[in-house]
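In the working numbering, the protein residues as written are 2 to 1252.
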């Protein structure tokens, strides 16, 4: 069909059909027919899916009705818009009228979404007149639209009545009138659009209405008045009521009522007051007199109510209001507001209002006269000043005192308290005192006093109040603390109780309580002498009394507790006085034990108290404490004063209920049999270990009798000298005196460290009197806990009694409240690390009786601390770990140090950290010139105790140790050798620790010379890599002098510390002890030979048996050369130098080559001279060389000039090498005609410095 503009097509039926138009095919291809023709065909179109399909429900419109002015109902209609199509719908909603509102006017809905549009009648409809109104809401969207109708019917208002106001008429008045309010007006209004008729009615004749009816047109109003008329005047007292009724007679819309009430009260009751005036007076600030006055209110028998006005602020009325029939009273008193008034006269008029007769009130005057205050009178008690004392750094006793401030004047008193020194605290510092009142001010010594130097310090407390000031002195005595046996003693003495005449009837022991707590008994020492002259010993009453707190500190009359002893008394016997009432004591407070003989015949029945006697009867002879702290007081009679007997010091103990004992418990002072003379080679010494924290000391004092030069020597427990010096020109005049040596610099005595104080006499002679141990002031057990006195005539130290101490003490500059153990931290390792031990724990203990805050610090970045501070309760401890961190890996070879400072308050204690960074070595780095032996248990030239000190190379469990014994020289059966494995004590000397060992083993088998013996441990021990341990060998044979053996050690010809190039003597050393009283000391010429067996099968130690092969000794000169063949194992090593141990002089040539002869480097060391001893000679390579792992090398030594001797060494398991020094290498030699060796188990003594 020819193309044409068909229905719905702009041009042709198929406008875009093939340009060839209609075609047909006969089977051999499509044939063109006509470009303007189309086949007659068409597609039947189905319904396309809706793209945007919006539905709106409900279908109904909004129809609303209401009266003119609204409201209208229903007020709104909500429509739901739902898109059920496949594409979004954009929609709009519109209306025309202003009284219609839409909640939404447009939007977009996704497929399946819905929304709500609310159509509502708004407030504009309220202004519409009666009638019908309409609008339509048009909803439009992409593919359609629809409308919803809105219809509004406004109905005319019906006629109605409104009455305003809504309240009724409430009137009142006295009988007979008038009444108020007398009337009320109401407005009546027609709220409709048509006229209404109305009426107003009431029930009581005493109510009038005007008008009572009428007509109101639409919107009109009229006033109706309701009033109380004259009929009310005849009403009796009481309450009356009525109701006014307003009626809409047309349609009764708006009918309403209003109440009317009338209260008729009786006629008023007249009120009078007496007196018409009251007066008060007093000083400024009060009080005022009289305390109160009264008014009398009176009526003529009738009853009325009243209240008041015009009451001044400084007065209070009680009661302030009420009712009265006949008469009543009102009390007027002056309140605290009057205290703030300045001097003047204050008049006021108080009005008493008659509630029943508002015009019948009455007034009365009240006057207050405030006089200027009287002069204040401040009194401060007690009159004594405040005296405190203590050691440098504190604490101080007593720590505080209190003063009572009292106003003795008649007026109020403002006061202040002031002080001058920073080490004094006052609390409070100001206040106000009423007449006769008192308060307490506490004066205390604060922490700033801990920084004061030794000496006398003072301050003045000034109390100011009124017209003058009162002062009280504060005196603080700061003593240098002492550490040691610091109590004077020449012998025992006795003080009689109850024998009149030359002796004294009453004795008092004065003491300052060292601890807070409860004491239930006291132990003292009694004596009755010889010949029974004392009879039964008397009946001794002991009273505990408070101190009088005067300058003399004598017993007060206040008895705190008492006890009686009437048992037969024997000489030198301890008696316990059990208190009738346990005594609670305060630390630092002074108390007295007062002893009285109450026997009926005290002259013939009496006893004495043992005291410590001092030859010199001098005040303040005790270096550790003052006589205020500790003294004997005597009284000849009750009428006589107390006197201090300075030559006697109390001997007693106080027993606390918590089990603690304190006092001075000396029984035999001094020990006459222990008296020793210091002269020539005769010396004495005090052994002691420091406890309770570090002590920084500046001087040493000893109590001696004699003349000449006294030598003081302070050394560590192993004999290492700290300082020594002389005090020349000493002459004691035949009496015991303290001689003091002032140290050249302050020295620190470390907690847990052992020390010796040695006295000798370079000239002259001195006598010492050792003193039996006792519980001296501030020390829990003895003057030197754990120490004792020793003496020597030059052939060894000895003692016969370990319960004695040399009378000596140290002057303390500061005492750390922290006890820190151990004393040192020593670390070693190679460049680049690791370092052993990598860390160490320090036990930090609070040695004080109160909580403290502490901190720990260091300076070097290669040291770590954890934790660095905290708080510790009294007696509590914590652990601080000091560790070597990765920064140490960058340190060059050398010795490094740091200090860890532990601080509490103002006192610090330090612990050194020593780090030895060594070049690593590769080779046979152990000194050996031969073997030697160290005897165990044979006294004399040899030593009874031997210790092997070693640093564990691996962490693990060791079950046995192998050592080499020697029994030549008449050793009998070899003895019974006990080996104990001990920890290191952590001190600077690194000695075996005391206490139970880690494990033990016993070897009592017959021994042959140079034979190895296994010591199987009683308990396998766990060891930590890098930590130091000790093997301590003792001969426990009953006859060790003839049955003993020796330990075989490596011998070094030069007995010099630090001779081992691969490791230090801390890592590996022999320690020997000449006698039990002497310290262990390092024997530098002997290196241990032993093996440790780990339970995992590994062996470690030094296994040399024949250290030097004498037959292999070779000389280097001319064509004679030596060499070491070796193959590098365990990884490549970069080396910077090579060292060989030789004896001789000249020029030594070092040649390092590969096994095929390829030269690595060769060079000379000239000008050598070893002085006849074996010495290490080092050649520094021109550059670092790499020894490749698995590569075979040769080190050749020759002499370009001169001659040298070498000593090959048998292979062994040296420190850090698992098997031999060079596992596959050995020593060779040549005289120029070829290399050879007779033993392949030997190595040249040499090593490489490893970078």
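Cβ atoms here follow ideal geometry from the backbone N, Cα and C, with glycine treated the same way.
(1) Quick one: residues in its chain with C-beta nearer than 6 Å to the C-beta of residue 1150, no 5 flanking neighbours on either side, listed in chain order?
(2) Exposed or buried, residue 921, counting other C-beta atoms within 10 Å across all chains shown (16 or more means buried)?
(3) Ends of the beta strand (DSSP E) at residue 646?
(4) Flag this pair as yes or no: are the beta carbons of residue 498 and residue 584 separated by less than 8 Å?
(5) Leaving out five residues before and five after residue 195 in sequence, what residues of the same chain have Cβ atoms less than 7 Å from its Cβ?
(6) Here's the rule: buried if 16 or more other CB atoms are within 10 angstroms of the residue's CB, otherwise exposed. What is residue 31?
(7) Tell me whether residue 737 sits in a helix, a strand or coil according to DSSP, three-state version.
(8) Report the three-state DSSP secondary structure of residue 311 (helix, strand or coil).
(9) CB-CB under 6 Å to residue 97, same chain, minus the five flanking residues each way: which ones, in chain order?
(10) Assign residue 1 to one of two classes, buried (16 or more other C-beta atoms within 10 Å of its C-beta) or exposed (fewer than that).
(11) Less than 7 Å separating the Cβ of residue 762 from some heavy atom of the ligand FMN?
(12) Are the stretch 830–845 and the stretch 708–726 in contact at 8 Å, needing three or more beta carbon pairs?
(13) Can you give me the Cβ contacts of residue 872 inside the same chain, cut-off strictly under 8 Å, excluding the 5 residues immediately before and after it?
(14) Contact check, residue 85 vs residue 109 under 8 Å by CB: the rounded distance?
(15) Taking C-alpha atoms, which residue in 985, 937, 509 and 993 lies nearest to residue 975?
(16) Run through the DSSP bridge pairs and tell me what residue 723 is partnered with.
(17) Run the CB neighbour count on residue 1144, radius 10 Å, all protein chains shown included, and call it buried at 16 or more, exposed below.
(18) Per DSSP, residue 133 is paired with what?
(19) Between the beta-carbon of residue 100 and the beta-carbon of residue 125, is there less than 8 Å?
(20) Here's the rule: buried if 16 or more other CB atoms are within 10 angstroms of the residue's CB, otherwise exposed. What is residue 156?
(21) Who are the Cβ neighbours of residue 404 in its own chain at under 6 Å, not counting the five residues just before and after it?
(22) Following the continuous beta strand (DSSP E) through residue 521, name the residue where it begins and the one where it ends.
(23) Check whether the Cβ atoms of residue 1232 and residue 1121 lie closer than 8 Å to each other.
(24) May I ask which residues mark the beginning and end of the beta strand (DSSP E) holding residue 981?
(25) So is residue 562 buried or exposed if we call it buried at 16+ other beta carbons inside 10 Å?
(26) Thinking C-alpha only, which one of 693, 259 and 826 is nearest residue 163?
(27) Alpha carbons only, please: which of 1235, 1184, 1142 and 1196 is nearest the one belonging to residue 1209?
(28) If you drop the 5 nearest sequence neighbours on each side, which residues of the same chain put their C-beta closer than 6 Å to that of residue 453?
(29) Check whether the stretch 697–707 touches the stretch 744–763, counting contact only when three or more Cβ pairs, one atom from each stretch, lie closer than 8 Å.
(30) Starting from the C-beta of residue 240, find all residues in its chain whose C-beta is less than 8 Å away, skip the five residues before and the five after it, and write them out in chain order.
(31) With C-beta atoms as the reference, is residue 528 less than 8 Å away from residue 495?
(32) Apart from the five residues on each side of it in sequence, which residues of its chain come closer than 6 Å, Cβ to Cβ, to residue 755?
(33) Please go through the same chain and pick out, in chain order, the residues whose beta-carbon is closer than 6 Å to the beta-carbon of residue 321, but skip the five residues on each side of it.
(34) Is residue 674 helix, strand or coil when you go by DSSP?
(35) Note down the Cα distance separating residue 894 from residue 1250, rounded to an integer number of angstroms.
(36) Evaluate contact between the stretch 596–612 and the stretch 533–548, counting only Cβ atoms and requiring at least three cross-stretch pairs below 8 Å.
This is what the structure gives:
(1) Within the chain shown, residue 1150 is the residue found at index 1149, counting from 1. Hits under 6 Å: 1165, 1199 and 1201.
(2) The residue labelled residue 921 in the question sits at position 920 within the chain shown. Buried, since its Cβ has 16 or more Cβ neighbours within 10 Å.
(3) As a working mapping, residue 646 is identified with position 645 in the chain shown. No beta strand (DSSP E) contains residue 646, which DSSP labels as neither H nor E.
(4) Position 497 of the chain shown, counted from the first residue, corresponds to residue 498. Position 583 of the chain shown, counted from the first residue, corresponds to residue 584. No, Cβ-Cβ distance for residue 498 and residue 584 is not below 8 Å.
(5) Within the chain shown, the letter at position 194 stands for residue 195. Excluding positions up to five away in sequence, the list reads 160 and 219.
(6) Position 30 of the chain shown, counted from the start, is the residue given in the question as residue 31. Exposed, because fewer than 16 other Cβ atoms sit within 10 Å of the Cβ of residue 31.
(7) Within the chain shown, the letter at position 736 stands for residue 737. In the structure shown, residue 737 sits in coil (DSSP, three-state: anything other than H, G, I, E or B).
(8) Counting from 1 along the chain shown, the entry for residue 311 is found at position 310. The answer is coil: DSSP assigns residue 311 none of H, G, I, E or B.
(9) Residue 97 sits at position 96 when you count from the first residue of the chain shown. 136.
(10) Summary: the structure shown does not reach residue 1, with the chain confined to residues 2 through 1252, and so no result is reported for it.
(11) This structure does not include the ligand FMN; it has no bound ligands of any sort.
(12) no
(13) For the purposes of this step, residue 872 is identified with residue 871 of the chain shown, where counting begins at 1. Cβ within range, chain order: 852, 853, 854 and 855.
(14) Residue 85 sits at position 84 when you count from the first residue of the chain shown. Residue 109 sits at position 108 when you count from the first residue of the chain shown. About 15 Å separates the two Cβ atoms, so there is no contact after all.
(15) Position 974 of the chain shown holds residue 975. Minimum Cα distance to residue 975 is reached at 937.
(16) What you label residue 723 is simply residue 722 of the chain shown in a count that begins at 1. Answer is none; residue 723 lacks a bridge partner.
(17) Taking the first residue of the chain shown as position 1, residue 1144 is located at position 1143. Residue 1144 is buried by the Cβ-count criterion.
(18) One-based indexing of the chain shown puts residue 133 at position 132. DSSP output for residue 133 lists 154 as bridge partner(s).
(19) Here residue 100 corresponds to residue number 99 of the chain shown, with the count starting at 1. Here residue 125 corresponds to residue number 124 of the chain shown, with the count starting at 1. Their beta carbons are under 8 Å apart, which means residue 100 touches residue 125 by this criterion.
(20) The residue labelled residue 156 in the question sits at position 155 within the chain shown. It is exposed - the Cβ of residue 156 has fewer than 16 other Cβ atoms within 10 Å.
(21) If you number the chain shown from 1, residue 404 lands on position 403. The answer, listed in chain order, is 381 and 442.
(22) Position 520 of the chain shown, counting from 1, holds the residue named residue 521. From DSSP, the beta strand (DSSP E) with residue 521 extends over 518–528.
(23) As a first step, residue 1232 must be located in the chain shown, where it is residue number 1231. As a first step, residue 1121 must be located in the chain shown, where it is residue number 1120. A contact, by the Cβ cut-off of 8 Å.
(24) Within the chain shown, numbered from 1, the residue matching residue 981 stands at position 980. 978–984 is the span of the beta strand (DSSP E), which, as asked, contains residue 981.
(25) Along the chain shown, one-based indexing puts residue 562 at 561. Its Cβ being crowded by 16 or more others within 10 Å, residue 562 is buried.
(26) Here residue 163 refers to the residue found at position 162 of the chain shown. That would be 259, whose Cα lies nearest to the Cα of residue 163.
(27) To locate residue 1209, count along the chain shown from 1; it is residue 1208. Measuring from the Cα of residue 1209, the nearest candidate turns out to be 1142.
(28) The count along the chain shown starts at 1 and reaches residue 453 at position 452. The answer, listed in chain order, is 479.
(29) yes
(30) Working through the chain shown from its first residue, we reach residue 240 at position 239. Cβ within range, chain order: 262, 263, 264 and 265.
(31) Mapped onto the chain shown, residue 528 falls at position 527. Mapped onto the chain shown, residue 495 falls at position 494. Yes, the pair counts as a contact, with Cβ atoms nearer than the cut-off.
(32) As a working mapping, residue 755 is identified with position 754 in the chain shown. Excluding positions up to five away in sequence, the list reads 690 and 718.
(33) Counting from 1 along the chain shown, the entry for residue 321 is found at position 320. So the qualifying residues of the chain are 309.
(34) Here residue 674 refers to the residue found at position 673 when the chain shown is read from its first residue. Looking at residue 674 - three-state DSSP - the assignment turns out to be helix.
(35) Sequence index remark: in the chain shown, residue 894 carries index 893 (1-based). Sequence index remark: in the chain shown, residue 1250 carries index 1249 (1-based). Rounded to whole angstroms, residue 894 to residue 1250 spans 11 Å at the Cα level.
(36) yes
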